[in-house]
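Q: Line order of the protein sequences matches chains L and F.
For the first sequence, this note's numbering begins at 1 and goes up steadily by one.
For the second sequence, this note's numbering begins at 1 and goes up steadily by one.
For glycine and all other residues, C-beta sits at the position ideal for the given N, C-alpha and C.
From a predicted model like this one, the values you see are computed outputs, not experimental measurements.
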Amino acid sequence: DSGVTQTPKHLITATGQRVTLRCSPRSGDLSVYWYQQSLDQGLQFLIQYYNGEERAKGNILERFSAQQFPDLHSELNLSSLELGDSALYFCASSARGRGYTFGSGTRLTVV
Amino acid sequence: GENVEQHPSTLSVQEGDSAVIKCTYSDSASNYFPWYKQELGKRPQLIIDIRSNVGEKKDQRIAVTLNKTAKHFSLHITETQPEDSAVYFCAASNPFGNEKLTFGTGTRLTIIP
Numbered sequence: 001d002s003g004v005t006q007t008p009k010h011l012i013t014a015t016g017q018r019v020t021l022r023c024s025p026r027s028g029d030l031s032v033y034w035y036q037q038s039l040d041q042g043l044q045f046l047i048q049y050y051n052g053e054e055r056a057k058g059n060i061l062e063r064f065s066a067q068q069f070p071d072l073h074s075e076l077n078l079s080s081l082e083l084g085d086s087a088l089y090f091c092a093s094s095a096r097g098r099g100y101t102f103g104s105g106t107r108l109t110v111v
Numbered sequence: 001g002e003n004v005e006q007h008p009s010t011l012s013v014q015e016g017d018s019a020v021i022k023c024t025y026s027d028s029a030s031n032y033f034p035w036y037k038q039e040l041g042k043r044p045q046l047i048i049d050i051r052s053n054v055g056e057k058k059d060q061r062i063a064v065t066l067n068k069t070a071k072h073f074s075l076h077i078t079e080t081q082p083e084d085s086a087v088y089f090c091a092a093s094n095p096f097g098n099e100k101l102t103f104g105t106g107t108r109l110t111i112i113p
C-alpha cells in the first residue's frame, strides 16, 4: 500500500457522460498531481494542487476539472466523455523534497 | 519549463547482462532526479533517486549517475533478471520550485531468458 488511495479502481461509462475520480494523498503530503496514461503511452501531466490551491496546469482539456478540498483529498471531474478519454488516471502526492508516491490508478473505459 | 528526453524507447537484453537507460534535462535549476518502474497495468513505483549534490548512488543491482555539467543522468541495472522487465521512467524537478516532476517518455525494458 503506497498510502495514496484512488477510487474507483475501474469505471466503465458511455460517451457524453460525466465521471468523478477521487484521490486521498499520503498522510502529511500537501501536493496532489493528476496524470493521464493512455495505452502504451507515457505519463501526461494534467494538474497539480498544493494545500487546496491550483499550482500548475498541464495539457488538461477544458472538459476536465479538478479541485483539492480542505482535508487535502482531490477530485478529478471528466465531462462530455469521448472514446479517446479511455485511459489510466493516476493521482500522486508528495511532500517537499520527496519524490512522488502514486496511487493504484483508476482505469476509465468509455464505450 | 523543464524538458526531459529519455533513450532508448525500447531495450532488450539477455538475462544476466547490464541495461543502461539515459536521460537529459533542460532546466539547470533541476536538482532532484528520480527513476520509476512501472509494470503492466500497475502504478509507477520509485526505485531510486539522486540529488544534485552527489554524482552517483547505488542500491544493490541498481545505480544512478548524474552529470550536472552535461545535464544528463542514467540508470544502470546489473545482472538483469526477468522481473526487471517493465517500463522505466526518468524524471526531474526543482524541489524548491513547484516540485512538479517532468517525466521522460519511458523505456520498455525486456529481459530475454
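Per DSSP, H72 of chain F is paired with what?
A: Working through the second sequence from its first residue, we reach residue 72 of chain F at position 72. Bridge partners of H72 of chain F: F:T24, F:N67.
Q: Taking 6 Å as the limit between beta carbons, can you name the residues of its chain near T20 of chain L, skipping five residues before and five after?
A: For this step, residue 20 of chain L is matched to residue 20 along the first sequence. Same-chain partners within the cutoff: E75, N77.
Q: On the CB-based measure, 16 or more other CB atoms within 10 Å of its CB, does T106 of chain L come out buried or exposed?
A: Here residue 106 of chain L corresponds to residue number 106 of the first sequence, with the count starting at 1. With 16 or more Cβ atoms within 10 Å of its Cβ, T106 of chain L is classed as buried.
Q: Assuming L75 of chain F and A91 of chain F form a contact by the criterion Cβ under 8 Å, report the distance between their Cβ atoms to the nearest whole angstrom.
A: What you label residue 75 of chain F is simply residue 75 of the second sequence in a count that begins at 1. What you label residue 91 of chain F is simply residue 91 of the second sequence in a count that begins at 1. Between A91 of chain F and L75 of chain F the Cβ distance is about 11 Å, and since that is not below 8 Å, they are no contact.
Q: Taking any Cβ of chain L, which residues in the region 43-62 of chain F have a Cβ under 8 Å from it, in chain order?
A: Within the region 43-62 of chain F, those residues whose Cβ lies closer than 8 Å to any Cβ of chain L are, in chain order, R43, P44, Q45, L46, D49.
Q: Using the beta-carbon count (16 or more within 10 Å), is R43 of chain F buried or exposed?
A: Taking the second sequence and counting its residues from 1, one reaches residue 43 of chain F at position 43. With 16 or more Cβ atoms within 10 Å of its Cβ, R43 of chain F is classed as buried.
Q: Going by C-alpha to C-alpha distance, which of L:D1, L:S2, L:K9 sits closest to A87 of chain L?
A: By 1-based counting over the first sequence, the position of residue 87 of chain L is 87. Measuring from the Cα of A87 of chain L, the nearest candidate turns out to be L:K9.
Q: Could you list which residues in chain L have their beta carbon closer than 8 Å to that of T105 of chain F, in chain order?
A: Working through the second sequence from its first residue, we reach residue 105 of chain F at position 105. Contact note: T105 of chain F reaches chain L through G42, using a C-beta cutoff of 8 Å and chain order.
Q: Is it the case that the Cβ atoms of T105 of chain F and Q14 of chain F are separated by a distance below 7 Å?
A: Along the second sequence, one-based indexing puts residue 105 of chain F at 105. Along the second sequence, one-based indexing puts residue 14 of chain F at 14. Against a cut-off of 7 Å, the Cβ pair of Q14 of chain F and T105 of chain F comes out as no contact.
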